[in-house]
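Undergrad: Submitted below is the structure of interest, expressed as structure tokens.
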Amino acid sequence: MSIPKKITPCPLIDCAIEFRFKSSIEPGAVFGIVYNAFKNDYPNIKKMPILNLPEQLRSVDPSLIYQPWYRLWNGGFVLATGPRELMLGRAGEYPGWTVFSGKLNHAVNTLEKLGIVDRIERVGIRYINFFDFDIFDRIKLTLAIDNKSITGNETLVRVNIPGEHFMSRLHVTNRASVNIEGVSKTGSVIDIDTHLDVGLDDFFQNSASVIKEGHNEEKKVFFELLKDDFLETLAPEY
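In this note's numbering, the protein residues as written are 270 to 507.
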């Protein structure tokens, strides 16, 4: 199918691209190096709650080793960093892939030049979409028991969808509570985390093509999910 470049209104409320890596640099020194490189672009800084935990726990707990220690931000763009992670995110109104990927490519090139990465372990592209209605009526995903649809009830679906290289973790729910620019809303969420954790030894030599493939895979999963008549109501531009 043809993938639109843009739909209106844009349902994106949050997006982030994460790079997990292995480094031989002392964990406590990684932030100082990253901060000095990005402080002019992201002058605001906040410590994350994980720093309240003992260092020994942070360094061995599998659920914590990739968590960011600090958040830097400028406007709606956020750069989160830890000893083994760099993440660029954007909350609120999505500026479009051209703007977002420009900042992303700058962050990747800067990270490479810092020389702190021994190996990229994972590239993750996550987009979260919100709709103020029950999305199950308008997507191609069906759930039924004895041929009777059950999606009119509170429904949560999680499934992994393999692509050619990337894997996408799709999460769809129709009773989610979200906070959008300080306003609490309830509706449906389509959350797609498209990730790659193999074949990344030469990532910096091929970063643009890897990121582009992941972004295209995420869009493919999203748009293939929507019913054709629903997509037409979103004024798709190709």
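In this text, a Cβ means the ideal position worked out from N, Cα and C, and glycines have one as well.
Determine contact between the region 296-313 and the region 323-339, defined as no fewer than three beta-carbon pairs at a distance below 8 Å.
TA: yes
Undergrad: Just tell me which of Thr-420, Lys-316, Ile-389 has its CA closest to the CA of Ser-292.
TA: For Ser-292, the nearest C-alpha among the options comes from Ile-389.
Undergrad: Taking the continuous beta strand (DSSP E) assigned at Gly-483, which residues delimit it?
TA: Where Gly-483 is concerned, there is no enclosing beta strand (DSSP E), although the alpha helix (DSSP H) it sits in stretches over 476-494.
Undergrad: Over what stretch of residues does the alpha helix (DSSP H) that includes Lys-454 continue unbroken?
TA: Not the alpha helix (DSSP H): Lys-454 falls in the beta strand (DSSP E), residues 452-465.
Undergrad: Can you tell which of Ile-459, Gly-483, Thr-502, Lys-274 has its C-alpha closest to the C-alpha of Glu-433?
TA: Gly-483
Undergrad: Look at Glu-487 and Ser-437 and say whether their C-beta atoms are less than 8 Å apart.
TA: yes
Undergrad: Compute the beta-carbon to beta-carbon distance between Thr-463 and Ile-394, rounded to the nearest angstrom, for a pair I have assumed lies under 8 Å.
TA: Sure, about 5 Å apart at Cβ, within 8 Å.
Undergrad: Does DSSP classify Lys-372 as helix, strand or coil?
TA: helix
Undergrad: From Asp-401 to Arg-407, what distance separates their C-alpha atoms?
TA: 12 Å
Undergrad: Apply the 10 Å Cβ neighbour rule to Asn-398 and answer buried if 16 or more other Cβ atoms are within range, or exposed otherwise.
TA: Asn-398 is buried by the Cβ-count criterion.
Undergrad: Just to confirm before moving on: does the CB-CB distance between Lys-496 and Lys-409 stay below 8 Å?
TA: yes
Undergrad: Please work out which residues of its chain come closer than 6 Å, Cβ to Cβ, to Ile-276, disregarding the five sequence neighbours upstream and downstream, and give them in chain order.
TA: Leu-503, Pro-505
Undergrad: For Ala-445 versus Met-356, is the C-beta spacing smaller than 8 Å?
TA: no
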